[in-house]
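Take the sequence shown: its letter number 17 is residue 21 in my numbering, and every next letter is one higher.
Following: one structure in structure tokens, then a few remarks.
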Amino acid sequence: MGPGFASLTLALVFCFGCTPGSHIDTGNRAAVTEGRESGATPAVRSFRPFLGERWIGDAISYGPFRDGQRPGGIEPSEAEVREDLAILSRHWSLLRVYGSRGPAETMLRVIREDELDMRVMLGVWIDREARRDESGAVIETFEEAARANRAEVEAGIRLANEYSDIVIAVSVGNETQVFWSAHRSDPGMVIGYLREVREAVEAPVTTADDFMFWKEPESRAMAREVDFITMHVHPMWTGEQLEGALAKIRSEYE
């Protein structure tokens, strides 16, 4: 799923320490606990999707691009973003966006200026910076992607700090690890960016990926670096209709 798409996303957020008494009996929870005890980046920041006492976790993913618009090309105007947010705010109070450049700052500014009761999970889009052969040797590097990643990280840090009253979490990377991703990236690179962002912001930090990655043992190194896990489940991609979607999500979660 790219940064320019507006879509309803079925996702589970595994919140370590989000609410009193929460319990997730998974290997990745053990990995986070191990990370705390070993002195690695501690997962101690609670992700609390609330406005006051009201839970706002029924979020929507938002990409403001309309026909003829795209990231890096023609972008939506402030008036278009304002129109979108006025509509969305009637139904949702938590937005997830995939990138920190382009219209992300406009969106945050409009939320503040218009005093909308909305919060944001800010994305930092990460693309792959190298291609490896079967032995793991680097055979091609993508300098433009590396520059774009650097710009995303810096923008994400700046926006998370400037709009700390609105940004309640930062997601560094989207589906960078699952085997079918078109921008599958080196885990070490993503972990480096996670650490950099987490050291520079106060909001809890996560990375979002498909359940097919999070259920594998190799995901535990990534789990140690985040405050909570964001897990994607796409029931329609596996042939499920709306009626069976929730059961599919529940089965993968369990």
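By construction, the Cβ of each residue, glycine as well, lies at the ideal position given by its N, Cα and C atoms.
Note that the coordinates shown come from a computational prediction; the quantities given were computed from them, not determined experimentally.
Note to self: According to DSSP, simplified to helix, strand and coil, what is LEU55?
What the structure shows: strand
Notebook entry, point to check: Alpha carbon to alpha carbon, what distance is there between LEU126 and MET193?
Noted result: The C-alpha of LEU126 is placed about 19 Å away from the C-alpha of MET193.
Margin query: For MET5 and GLY103, I'd like the C-alpha separation in whole angstroms.
Written below: Any answer about MET5 is weak, because its pLDDT of 45 lies below 50 and its placement is not dependable; what the coordinates show is given next. If you draw a straight line from the Cα of MET5 to the Cα of GLY103, it is about 12 Å long.
Notebook entry, point to check: Is DSSP giving LEU98 helix, strand or coil here?
Noted result: strand
Check: Fully enclosed by the stretch 173-257, which beta strand (DSSP E) runs are 3 residues long or longer?
Finding: 209-214, 232-236
Item checked: First and last residue of the uninterrupted beta strand (DSSP E) at LEU92 -> Unbroken run through LEU92 is the alpha helix (DSSP H), 82-92; no beta strand (DSSP E).
Note to self: Just to confirm the assignment, what range does the alpha helix (DSSP H) spanning ARG151 have?
What the structure shows: 147-166
Note to self: Buried or exposed, going by whether 16 or more other CB atoms sit within 10 Å of the CB of PRO221?
What the structure shows: exposed
Check: Can you find at least 3 beta carbon pairs, one from the stretch 167-181 and one from the stretch 122-139, that sit closer than 8 Å?
Finding: yes
Check: DSSP state of MET125, grouped into three classes?
Finding: strand
Checklist line | Residue range of the unbroken beta strand (DSSP E) whose run includes ARG135 | finding: 134-136
Notebook entry, point to check: Would TYR257 be called buried (16 or more neighbouring beta carbons within 10 Å of its own) or exposed?
Noted result: By the neighbour-count criterion, in which 16 or more other beta carbons inside 10 Å mark a residue as buried, TYR257 falls on the exposed side.
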